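Just so we're aligned: the sequence shown equals residues 783 to 1114 in my numbering. C-beta atoms are modelled at their ideal positions from N, C-alpha and C, and glycine is treated no differently. Small disclaimer: the values here were computed from a predicted structure and weren't measured.
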Amino acid sequence: MPTAPARIEICPFPGGKRIAVTTSFDDGVVEDRRVVEAFNQWGLKGTFNLNSARLRRDGKRPAIEQGGNIDASEVAGLYAGHEVAIHTATHPHLPLLDASQIAAEVLDDRKALEDLVGYPVRGMAYPYGSFNAKVIDLLRALGIAYCRTTARSMPCFPPAEPLAWGTTMHMFDASPEPLPQRWESFHGNPRNSGLFFVWGHAYEFARPRDRWDELDRIFRPLSGKADVWYATNIQLFDYEAARRNMVIAANRRWACNPSALTVTLNVDGTLVDVPAGQTVEIRSRIANLKSEISDWQSQINPASVTVERPLPSPGRIPRRCGSAPPARLPAP
783 MPTAPARIEI CPFPGGKRIA VTTSFDDGVV EDRRVVEAFN QWGLKGTFNL NSARLRRDGK
843 RPAIEQGGNI DASEVAGLYA GHEVAIHTAT HPHLPLLDAS QIAAEVLDDR KALEDLVGYP
903 VRGMAYPYGS FNAKVIDLLR ALGIAYCRTT ARSMPCFPPA EPLAWGTTMH MFDASPEPLP
963 QRWESFHGNP RNSGLFFVWG HAYEFARPRD RWDELDRIFR PLSGKADVWY ATNIQLFDYE
1023 AARRNMVIAA NRRWACNPSA LTVTLNVDGT LVDVPAGQTV EIRSRIANLK SEISDWQSQI
1083 NPASVTVERP LPSPGRIPRR CGSAPPARLP AP
């Protein structure tokens, strides 16, 4: 009988990535077009929180220089590959409304956006960042998966209260340091891990003064990192739900993934993907990986192969936020 692994962890992010990067932009303005275009080029992901009652409905698509909201007709195409989320229908201060008004603002926006994008809209950002316990309780009853605030939070994910979810920083925050330096400090230290979450409004690149040069300076450095998962807000919560539903057998030989997403395990320092809806024998899975690696290496120049270092000793590996991730594959 194969020996059971000594240590199995369910990785916080797919592929054993060390860091997740996500962004959030509010209000559904024409400047979103330029942000989306850049993000698509750089491989970044955004969640765009829209006020459905403020969208244009005349079928016209004003130039970015004109400002204002996008037309409803461009929502599905513009934000394809990203996430559309709730920002309420008309952008009120929710704590000033009664329960029926809050419910109407949220549900009217959700239904209108779902009609536009063709999928369930489950996330949200608070208008003006304002909320209270009454609002949180109501959103929970309405089935909202998360709601972003404007408060700062630690890099660990998931948040203690998904309906009061803070961010790392606003894109133009300069304290304690501007975004590019903040990112370099976080990503550049291999012992750091967790979530890097940036929010803002695309119109801030255009008003009150032209700052479009900042888009490249701020966001391009976040892109193209092999140890980073680029995700929308809802993708983070969906993977976390799949992660929590993983079942590891008591004998540590089998792993069952009942979800619709692939989940990554760290098995004694080796990463093992458990496909959606499958039960796998862990040691056999690792043996198959080694065989595939051996076959692959026999067909290429060994000098071109880069193999990541294995994990440090188990006692030094944090479960959520901390040091470097496990090696993707064992050294030959």
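* Asked: Should the stretch 946-959 be called in touch with the stretch 976-984, which here means at least 3 C-beta pairs below 8 Å?
  -> yes
* Asked: Less than 8 Å separating the beta-carbons of Y928 and F1019?
  -> Here the question's residue 928 lines up with position 146 in the sequence shown. Here the question's residue 1019 lines up with position 237 in the sequence shown. Contact flag set, yes.
* When DSSP builds the beta bridges, which residues end up paired with F807? -> One-based indexing of the sequence shown puts residue 807 at position 25. F830 and G982, per the DSSP bridge assignment.
* Leaving out five residues before and five after T872 in sequence, what residues of the same chain have Cβ atoms less than 8 Å from its Cβ? -> Taking the sequence shown and counting its residues from 1, one reaches residue 872 at position 90. For T872, where only same-chain residues beyond five positions count, the Cβ hits under 8 Å are N833, A835, R836 and E887.
* Asked: Where DSSP assigns a beta bridge to Q823, which residues make up the other side?
  -> For the purposes of this step, residue 823 is taken as residue 41 along the sequence shown, with counting starting at 1. Answer by DSSP bridge pairing: none, since Q823 is not bridged.
* Note down the Cα distance separating R815 from A894, rounded to an integer number of angstroms. => Translated into the one-based positions of the sequence shown, residue 815 becomes position 33. Translated into the one-based positions of the sequence shown, residue 894 becomes position 112. Answer to the nearest angstrom: the Cα atoms are 20 Å apart.
* Where I852 sits in the DSSP three-state scheme -> Against the sequence shown, residue 852 aligns to sequence position 70. Coil at I852, not helix or strand.
* Backbone secondary structure at V1056 - three-state DSSP -> Working through the sequence shown from its first residue, we reach residue 1056 at position 274. Look at V1056 here: in three-state DSSP terms it is strand.
* Can you list, in chain order, the residues of its chain whose CB lies under 7 Å from that of I1030, leaving out five sequence neighbours each side? -> Here residue 1030 corresponds to residue number 248 of the sequence shown, with the count starting at 1. The residues are I790 and A1037.
* Neighbourhood of A1042 by C-beta distance below 6 Å, restricted to the same chain and skipping five residues each side -> Here residue 1042 corresponds to residue number 260 of the sequence shown, with the count starting at 1. Non-local C-beta neighbours of A1042 in its own chain, meaning closer than 6 Å and more than five positions away in sequence, comprise A1058, ordered along the chain.
* To do: With DSSP as the reference, label L1047 as helix, strand or coil.
  => If you number the sequence shown from 1, residue 1047 lands on position 265. Of the three classes helix, strand and coil, the one that applies to L1047 here is strand, per DSSP.
* Own chain, CB closer than 6 Å to D891, minus 5 neighbours either side, in chain order -> Sequence index remark: in the sequence shown, residue 891 carries index 109 (1-based). Hits under 6 Å: S834, I868, T870 and A871.
* Option nearest A881 by Cα separation, candidates L924, L997 and Y901 -> Position 99 of the sequence shown, counting from 1, holds the residue named residue 881. Proximity to A881 across L924, L997 and Y901 peaks at L924, based on C-alpha coordinates.
* Going straight from the alpha carbon of G1051 to that of V803, what length do you get? -> Counting from 1 along the sequence shown, the entry for residue 1051 is found at position 269. Counting from 1 along the sequence shown, the entry for residue 803 is found at position 21. Their backbone Cα atoms lie some 24 Å apart in a straight line.
* Output the distance between the C-alpha atoms of V818 and E847, rounded to the nearest integer angstrom. => In the sequence shown, counting from the first residue as 1, residue 818 sits at position 36. In the sequence shown, counting from the first residue as 1, residue 847 sits at position 65. Rounded to the nearest angstrom, the two C-alpha atoms are 16 Å apart.
* What residues match up with N1015 in a beta bridge as DSSP calls it? -> Here residue 1015 refers to the residue found at position 233 when the sequence shown is read from its first residue. Answer is none; N1015 lacks a bridge partner.
* Return the CA-CA distance between R1025 and D992, expressed in angstroms with no decimal places. => Within the sequence shown, numbered from 1, the residue matching residue 1025 stands at position 243. Within the sequence shown, numbered from 1, the residue matching residue 992 stands at position 210. Each residue's Cα considered, the two are about 43 Å apart.
* To do: Output the residue ranges of the alpha helix (DSSP H) runs that lie fully inside the stretch 842-905 and measure 4 residues or longer, sorted by chain position.
  => Segments of the alpha helix (DSSP H) lying fully in the stretch 842-905: 857-860 and 881-899.
* Report all residues from its chain with a CB closer than 8 Å to the CB of F807; omit the five preceding and five following residues, and keep chain order. => In the sequence shown, the residue the question calls residue 807 occupies position 25. Within the same chain, D814, V817, G828, T829, F830, N831, W981, G982, H983 and A984 come within 8 Å of F807 by CB-CB distance, once the 5 residues on both sides are set aside.
* Rounded straight-line distance, which links the Cα of D809 to that of R989 -> Position 207 of the sequence shown holds residue 989. Position 27 of the sequence shown holds residue 809. Rounded to the nearest angstrom, the two C-alpha atoms are 14 Å apart.
* To do: Work out the CA separation of D840 and G849 for me, nearest whole Å.
  => Translated into the one-based positions of the sequence shown, residue 849 becomes position 67. Translated into the one-based positions of the sequence shown, residue 840 becomes position 58. Whole-angstrom Cα-Cα distance: 16 Å.
* Asked: From the DSSP output, which residues share a beta bridge with W965?
  -> Position 183 of the sequence shown holds residue 965. Looking at the DSSP assignment, W965 forms no beta bridge with any residue, so it has no partner.
* Asked: By Cβ distance, which residues of its chain are closer than 8 Å to P877, with the 5 residues on each side in sequence left out?
  -> Counted from its first residue, the sequence shown places residue 877 at position 95. Taking P877 as the centre and dropping the five residues before and after it, the same chain places the C-beta of S912, F913, N914, K916 and V917 closer than 8 Å to its C-beta, in chain order.
* Helix or strand or just coil, what does DSSP make of A927? -> Within the sequence shown, the letter at position 145 stands for residue 927. Here A927 sits in coil by DSSP.
* Can you check whether the CB of G863 is closer than 8 Å to the CB of Y1012? -> Mapped onto the sequence shown, residue 1012 falls at position 230. Mapped onto the sequence shown, residue 863 falls at position 81. Not a contact, by the Cβ cut-off of 8 Å.
* **Of the residues G900, V899, S935 and M906, the one placed nearest L889, counting alpha carbons only** => Taking the sequence shown and counting its residues from 1, one reaches residue 889 at position 107. Checking every option, the nearest Cα to that of L889 belongs to M906.
* P1096 to Y910, Cα distance in whole Å? -> Counting from one through the sequence shown, the residue named residue 1096 turns up at place 314. Counting from one through the sequence shown, the residue named residue 910 turns up at place 128. Reliability of the predicted coordinates at P1096 is poor, the pLDDT of 36 falling under 50, and the value obtained from them is presented with this limitation in mind. Each residue's Cα considered, the two are about 44 Å apart.
* **Endpoints, the beta strand (DSSP E) within which E791 is located** => Translated into the one-based positions of the sequence shown, residue 791 becomes position 9. Unbroken beta strand (DSSP E) run through E791: I790 to I792.
* To do: Would you identify the three-state DSSP class for R993, choosing helix, strand or coil?
  => Looking up residue 993 in the sequence shown gives position 211. Looking at R993 - three-state DSSP - the assignment turns out to be coil, as it is neither helix nor strand.
* Asked: With distances taken between CB atoms, is the gap from I778 to R930 smaller than 8 Å?
  -> Nothing in the structure corresponds to residue 778, since the chain is present only between 783 and 1114.
* **Assigned secondary structure, G1006 (DSSP; H/G/I helix, E/B strand, else coil)** => For this step, residue 1006 is matched to residue 224 along the sequence shown. G1006: coil per DSSP, three-state reduction.
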